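Below is one structure, written out as structure tokens, with a few remarks after it.
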Amino acid sequence: MDLLSMRESYQRDRIMLCFNGPISRSLIEEIGKALRNYLDTQQATPSAAMDVFAVYIEMTQNIRHYARQRGYDEAQASATVAVARDAEGRYLISAGNLVELADGERLVRTVEALGPLDRAELKAAYKQQLRRPREPEGGSGAGLGLLDMARKTSRPLQASLQALPDGQGFFSLTATI
Amino acid sequence: MITMTQDLDIPGSQSTPAIQSSWQAGRLAMQGDSYPENSYELFDQVIDWVRRYLEEEARPLHLSLALVYLNTSSVKAMMDIFDLLEEAHGEGREVSVEWRYDPRNERIAELADEFREDCSYPFAITPTAAPA
Numbered sequence: 228m229d230l231l232s233m234r235e236s237y238q239r240d241r242i243m244l245c246f247n248g249p250i251s252r253s254l255i256e257e258i259g260k261a262l263r264n265y266l267d268t269q270q271a272t273p274s275a276a277m278d279v280f281a282v283y284i285e286m287t288q289n290i291r292h293y294a295r296q297r298g299y300d301e302a303q304a305s306a307t308v309a310v311a312r313d314a315e316g317r318y319l320i321s322a323g324n325l326v327e328l329a330d331g332e333r334l335v336r337t338v339e340a341l342g343p344l345d346r347a348e349l350k351a352a353y354k355q356q357l358r359r360p361r362e363p364e365g366g367s368g369a370g371l372g373l374l375d376m377a378r379k380t381s382r383p384l385q386a387s388l389q390a391l392p393d394g395q396g397f398f399s400l401t402a403t404i
Numbered sequence: 002m003i004t005m006t007q008d009l010d011i012p013g014s015q016s017t018p019a020i021q022s023s024w025q026a027g028r029l030a031m032q033g034d035s036y037p038e039n040s041y042e043l044f045d046q047v048i049d050w051v052r053r054y055l056e057e058e059a060r061p062l063h064l065s066l067a068l069v070y071l072n073t074s075s076v077k078a079m080m081d082i083f084d085l086l087e088e089a090h091g092e093g094r095e096v097s098v099e100w101r102y103d104p105r106n107e108r109i110a111e112l113a114d115e116f117r118e119d120c121s122y123p124f125a126i127t128p129t130a131a132p133a
């Protein structure tokens, strides 16, 4: 393993925290705790720290809910998560996971449709989604999580989908706080 | 009249709030963060307690909240609780909420305020004194 090139790449991209692998409930909590501690040492404002944490939670829980819905095994349910700062000091939260190609295409369209919405429109859409009947397995639905993230970001959420040789895709989402 | 209803006394964890109820006092209290994956695993019993209290008692109900961060799944569950209160209020019941928050974090007040928009009963959002 070339740890040095990994390190250099993290430093170049100002990645403060990253994770790749099967993500359990407790791991989400532990990484979240580390993230909060880190933000605290960086003297992020309490509201910025909470927004970054909230986006991280919604992204990773969306990935868990999706993998469970699809019946993915541990390897397929792996998540790639990174939290970075850009040159202007904004926080970038990114998460990626395997998806069925059609699901990924639908997700990208959903995220792109949120882009042009202003604050009031996002709030109205969020409240409307909140009032939908609960889902059988208890998730709030990716739609609500996406709307929640979109309301916290300083620029539209960015989604991308890369097709993989086996017919699946790698979906990734980035939020800027 | 003797009621068999059990009060709730649930300790908090990293991702779940501490919850206490008092049937006797007509009071429900919750403190801390709430971001479990499936919020209804936790909140169903709370929703159930509120529903039964409002059905079986005629006395007031007061919610005393010091919740900090809620994931969207928890927001949905809390909305169900506030809706039960709104319904009872519409039938003339005395219900109220006080949500205390650390004024250094305005996100909590914003969250509480969005819940309050859909409620017509007394709903106070109160900054706590900042620790010295």
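Taken in order, these protein sequences are the chains called A and B. Each position in the first sequence, counted from 1, maps to that position plus 227 in this note's numbering. Each position in the second sequence, counted from 1, maps to that position plus 1 in this note's numbering. Idealized CB from N, CA, C, for every residue including glycine. Predicted, not measured: the structure shown is a model, and the values here were computed from it.
Chain-ordered neighbours of residue 53 of chain B on chain A, where CB pairs are closer than 7 Å: What residue 53 of chain B touches in chain A: nothing, since even the nearest Cβ is about 20 Å away.
One or two residues paired with residue 386 of chain A in a DSSP bridge: For residue 386 of chain A, which the question treats as bridged, DSSP gives the partners A:400.
Three-state secondary structure (DSSP) of residue 88 of chain B: Looking at residue 88 of chain B - three-state DSSP - the assignment turns out to be helix.
Partners in chain A for residue 73 of chain B, counting only beta-carbon separations shorter than 7 Å: Chain-ordered, the chain A residues with CB closer than 7 Å to the CB of residue 73 of chain B read 285, 367, 371, 372 and 375.
Proximity test, Cβ basis, 8 Å: residue 274 of chain A and chain B: Yes, its Cβ sits closer than 8 Å to a Cβ of chain B.
Candidates B:89, B:27 and B:45: closest to residue 65 of chain B by CA position: Selected option, being the one with the closest Cα: B:27.
Contact set between residue 38 of chain B and chain A, taken where Cβ atoms lie within less than 7 Å: For a Cβ distance threshold of 7 Å, residue set 252, 288 and 291 of chain A lies close to residue 38 of chain B, ordered along the chain.
Reference residue 265 of chain A; option with closest CA among A:242, A:251 and A:253: Nearest C-alpha to residue 265 of chain A: A:242.
Closer than 9 Å at the beta carbon, the chain B residues around residue 246 of chain A: Near residue 246 of chain A there are no residues of chain B at all, since even the closest Cβ is about 17 Å away, more than 9 Å.
Whole-angstrom C-beta distance between residue 127 of chain B and residue 99 of chain B, which should lie under 8 Å: Contact between residue 99 of chain B and residue 127 of chain B holds, with the beta-carbon distance rounding to 6 Å and staying under 8 Å.
Alpha-carbon spacing of residue 377 of chain A relative to residue 70 of chain B, whole angstroms: Cα-Cα distance, rounded: 17 Å.
Where residue 232 of chain A falls: helix, strand or coil (DSSP): In the displayed model, residue 232 of chain A falls within a helix according to three-state DSSP.
With 16 other Cβ atoms within 10 Å as the buried cut-off, status of residue 247 of chain A: That one is exposed.
Where the stretch 102-113 of chain B meets chain A: residues whose CB sits under 9 Å from a CB there: Cβ contacts with chain A: 103, 105, 106, 107, 108, 109 and 111.
Where residue 317 of chain A falls: helix, strand or coil (DSSP): Note: residue 317 of chain A maps to coil in three-state DSSP.
Own chain partners of residue 308 of chain A with C-beta closer than 6 Å, once the 5 adjacent residues on each side are dropped: Scanning its chain for C-beta atoms nearer than 6 Å, with the 5 sequence neighbours on each side dropped, one finds around residue 308 of chain A the residues 246 and 322, in chain order.
Whole-angstrom distance between residue 346 of chain A and residue 18 of chain B, CA atom to CA atom: Rounded to the nearest angstrom, the two C-alpha atoms are 29 Å apart.
Residues from the stretch 340-360 of chain A in contact with chain B, defined by Cβ distance under 7 Å: Listed by position, the residues of the stretch 340-360 of chain A near chain B (Cβ gap below 7 Å) are 357.
Whole beta strand (DSSP E) elements within the stretch 251-336 of chain A, 3-residue minimum: Within the stretch 251-336 of chain A, the complete beta strand (DSSP E) segments at least 3 residues long are 305-312 and 318-327, listed from N- to C-terminus.
Counted within 10 angstroms of its Cβ, other Cβ atoms place residue 342 of chain A as buried (16 or more) or exposed: Per the 10 Å Cβ criterion, exposed.
When A:316, A:293, A:357 and A:285 are compared against residue 255 of chain A, the one with the closest alpha-carbon: Nearest of A:316, A:293, A:357 and A:285 to residue 255 of chain A, Cα basis: A:285.
Buried versus exposed, by CB contacts within 10 Å (16 or more), residue 260 of chain A: The residue in question, residue 260 of chain A, is exposed, as its Cβ has fewer than 16 Cβ neighbours within 10 Å.
CA-to-CA distance, residue 16 of chain B to residue 235 of chain A, given in whole angstroms: Distance between the alpha carbons of residue 235 of chain A and residue 16 of chain B: 34 Å.
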